[in-house]
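Protein chains in written order, with the working numbering: chain A, 64 to 370; chain B, 7 to 462. Written out below as structure tokens is the structure these notes cover.
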Amino acid sequence: MSKVFRDFWYRPQVRAVQEISFEVGQGEIFGLLGPNGSGKSTTIKMLLGLLVPSSGTLRVLGKDPRDVLAKSRIGYLSEESVLYPYLTAGETLDFYGRLFHLEARERNRRTTELLEMIGLTHARHRPIGEFSKGMARRIGLAQALINDPDLIILDEPTAGLDPLGCRQVKDLLLALARRGKTVLLCSHLLADVETVCDRIAILYGGQIRACGPVNELLEERDRSRLLLPAVSPQTMRDLLRSVREILGQEPEVDHPRKDLERYFLDVVAQARRTARDDSSGAHEGAPVAAFLAGDVPTTGPKGSNDA
Amino acid sequence: MHKIVAIAWVTVRGAIRSRVVLTLTGVLVAVVIGFPLMVRGDGTLAGHVQILIGFTLRAVGFILGLAAVGSGCGAFALEIQNRQIQLLVTKPVRPIEIWLGKALGLILLQGVLLGCCGAGLYGMLRWTAQAERWEAAEWAGLHDRILVSRAVAVPFVLDAPGQAREIYEREVVTDPMLAQADRMDAMRAILRQIEAQSFSIGPGAERTWPVRLPFLSDTECPLMLQFRFAKSIPDIETVSGVWRIRAPGSSVSHEQRGEWRPQVLNRIWIPADVVQGGKDLEISFFNQDPVAGLLFDPHRGVEVQMQRGTFEMNLLRALGGMFFRLILLTAVGLAAGTLFSLPVAGLCSFCLVLLLQLGDYVTGMAAQHRYFGEGSSQDSAATVAADRSLRLMYRTLDTVIRPLRGLDAVEAVASGRRISWGQTGSAFAIQVLLYGGILAWLSAAGLRRRELGAIV
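Listed below in structure tokens is the structure:
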């Protein structure tokens, strides 16, 4: 499909997306990557029916993206926080739950579990207008999950989140994929995408420049890495000599490093154990909400089976 | 319905939290409570209360009307601008459900505010009209003229369209100008002429009109004849004349002589036994003045009024009429907000409201044939084309606006005239169901076609 934005006189102004084609299977986490203006958000908006392709066709869950039945199985987190600032966190989730025709008791249960999951139970009765960007982002994520969707479309899901929140979102996505949910993720934070996505497509100038499984795309097949426990200098010298004799090349040797995210999480976890947390911001979230983890039977929209 | 109610609830919540409702309530309280304390009127209790009802309801209607249009525009245009609509339309909600939800929320708020204003006005009326504060005659005048609900009947000209047709067909043969004119326009002009002639009375002459009452008359309750006329000679202050009223074929009649003042409302009572419980009356006026000719307005110059229902129910129907107008204005605002950005939507909807107010002007312009040319064969083709285009535009506008120019509910309730359930139902059908429905459909179609994900 392609998307051309036109001006008032219907003259083509911007070719945001040019003849891209891809398919995402059930249970897959698919990442759309690309620099700013590469066409990621435009593609996502077309998938949601917010924009109409200039040419080509697209099917979401086998239907037109503007079909109400298709929409009832989709969860969407937009790039920016576009929630009603005058509603409280609880009211927001309840409102979006109502739009999915969830019964009052079920809405209340899901709201409680989601707020617990995103660490905002204490802010249930605070208006979203008073939230920090990260807190509003968490509520945005929660509203995208209120209907236990089959397809989750996330536009920059970790933007504005602290490392704890980012880790939590990534764990959540992996948990959802294990339950057979499909996730379409759009981000330019490559580390996030790398750790969660099964497949990725890299866009540039509105075109797909690379597409495939992450492992296949990133694997350097002409090089190998051997990880060893710490060894003495003498043993290391012996090993290197042997490798040189066998390969006829000089190997590279260094010490593996923790990534910064893991190091940060360790430090914060240790600090939490010793300090009392009385901040009004987001707390550490609970594990994945029970209804999303599939731990408890859920009551779906009135008059229908669970999505 | 579930989703519509949810969206309505959020709309109400937004209006309350944004303090729009609070500000509006403050202004309305100032109008409803403050104005009665300041108004002086014409010195009579009836005049005072008439002004009180008229001004308060008009002010409330104006303020709530502005709020209806403004909040209607903002409900969509602001949400599209702030992109909140993007999240809403990705949920399983149809465009018409979003529109109806927002409309329902705004209408509920306006209904509550209008209801409170109506209750406040009624309370102030009761407080103002306490019997012990006024002389008995003043108090009785108020309850005879204003705090009543009177059905109105006006005299008519027998077979006026038939007469107009006959005159047209006779004249068109000999008058080339008439032959060139549009037949319907010419007929309308002749009809107006016949009506004007039928309601003018020369010096020393008498004229009789038939009147059909809207309901069977109550044999207990007297009727009121209210009339206003203009005179041909400006110097005289009063005109002597005799009113005779009777049921057709009846020997019982009522006659009242008097010196009547021109350009003001004169009133006489008609005893109930004259009508004899029927619906038909014959009214005649004998102009005893030897020099002055009299002219009554064909539509409002002579009225027979009969008590029907209570003032309270009439006030309720008037508030209903105002409420339906508010619903229409909300729909106008919402439709504009769906299709355009906030400034454009605001401008468009206020232009539409202005056009509604200029209904008489539009009707007048639609009746004209020439706007640029002089109607002669020397007019250029461009002038003729421009005239035709303008006429088409005015006629289209007139066709659209005319159904909305119904009864003036505020004027009616302030002068004790009955607003019928039929008129109330008609206002509902036209303003809410027909025009509101068209605007809802238009907005939903616009919302469906509009690319809401595009950068605004």
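Just so you know, even glycine gets a beta-carbon here, dropped at the ideal spot from N, CA and C.
Within the same chain, Cβ atoms closer than 7 Å to the Cβ of B/THR430 are found at ARG323, GLY326 and GLY327, the five residues on either side in sequence being excluded. Non-local C-beta neighbours of B/ILE91 in its own chain, meaning closer than 6 Å and more than five positions away in sequence, comprise GLU85 and LEU458, ordered along the chain.
In the assembly as shown, B/THR244 is an exposed residue. Its beta-carbon has fewer than 16 other beta-carbons within 10 Å.
For B/GLN90, the chain A residues whose C-beta falls within less than 8 Å of its own C-beta are VAL145, LEU146 and TYR147, listed in chain order. B/GLY76 is the residue among B/VAL416, B/GLY76, B/VAL368 and B/ALA195 whose C-alpha sits nearest the C-alpha of B/SER355.
A/GLY182 and A/ARG78 have their alpha carbons spaced roughly 41 Å apart.
Between A/ARG161 and B/LYS9, the CB-CB gap stays under 8 Å. Interface annotation, A/VAL232: not in contact with chain B, CB-CB separation never under 8 Å. If you keep only unbroken beta strand (DSSP E) runs of at least 3 residues inside the region 123-155 of chain A, you get 137-140.
Distance from the Cα of B/PRO209 is smallest, within the candidate group B/ASP188, B/VAL179, B/PHE291 and B/ARG176, for B/PHE291. Residue environment: A/MET180 is assigned as buried (16 or more neighbouring CB atoms within 10 Å of its CB, all protein chains considered). Contact annotation: A/VAL80 and A/GLY102 have beta-carbon atoms nearer than 8 Å.
Counting along the chain, the unbroken alpha helix (DSSP H) around B/ILE173 starts and ends at 166-177. Looking from the CA of A/ARG170, the closest CA among A/ASP157, A/GLY192 and A/ASP211 belongs to A/ASP157.
The beta carbon of B/ALA433 lies closer than 7 Å to those of GLY327, PHE330 and GLY412 in the same chain, with the five residues before and after it left out. Shown here, B/ASP286 sits in a strand according to DSSP, grouped into three states. Shortest Cα-Cα distance from B/SER238 to any of B/GLY299, B/GLY71, B/TRP447 and B/SER259 involves B/GLY299. When CB distances to chain A are screened at a threshold of 9 Å, not a single residue of the region 339-362 of chain B falls below it. Looking at the DSSP output, A/ILE216 bridges to A/TYR139 and A/LEU247. Leaving aside the five residues that flank B/ASP188 on each side, the residues in its chain whose CB is nearer than 8 Å to its CB run, in chain order, HIS375. Out of A/PRO296, A/GLN333, A/PRO292 and A/GLU176, the CA that lies nearest to the CA of A/PRO319 is found in A/PRO292. For a cut-off of 8 Å, the C-beta gap from B/ARG234 to B/ASN293 is around 15 Å, too long to register as a contact. A Cβ-Cβ distance of about 23 Å is found for the pair A/ASP70 and A/GLU142, leaving them out of contact under the 8 Å criterion. The beta carbon of B/GLY442 lies closer than 7 Å to those of ILE333, LEU334 and ALA337 in the same chain, with the five residues before and after it left out. Ranked by Cα distance from B/GLU226, the options B/ARG263, B/ARG314, B/ILE39 and B/ALA83 are led by B/ARG314.
Looking only at B/PRO182, B/ILE173, B/ARG139 and B/PRO216, the smallest Cα-Cα distance to B/LEU164 is reached by B/PRO216. Under the Cβ distance rule, A/SER65 does not count among the residues neighbouring chain B, no pair being separated by less than 8 Å. Within chain A, the residues placing a beta-carbon under 7 Å from that of B/ARG19 are TYR149 and LEU150, ordered along the chain.
Within chain A, no C-beta atom comes less than 9 Å from the C-beta of B/GLY78; the nearest is roughly 18 Å away. Linking B/GLU201 to B/PHE302 through their CA atoms gives a straight-line distance of about 10 Å.
B/ALA195 and B/PRO409 have their C-alpha atoms roughly 21 Å apart.
For the C-beta of B/SER24, the chain A residues within less than 9 Å are, from N- to C-terminus, TYR149. Under the 10 Å beta carbon count, B/PRO277 is surrounded by fewer than 16 other beta carbons and is classified as exposed.
Residue nearest to A/VAL67 within the set A/GLY100, A/LEU111, A/LYS108 and A/SER117 is A/SER117 (criterion: CA-CA distance). For B/GLY422 against B/VAL154, the beta-carbon gap comes to about 4 Å, under 8 Å, which counts as contact.
In the structure shown, B/GLN313 adopts extended strand secondary structure according to DSSP, grouped into three states.
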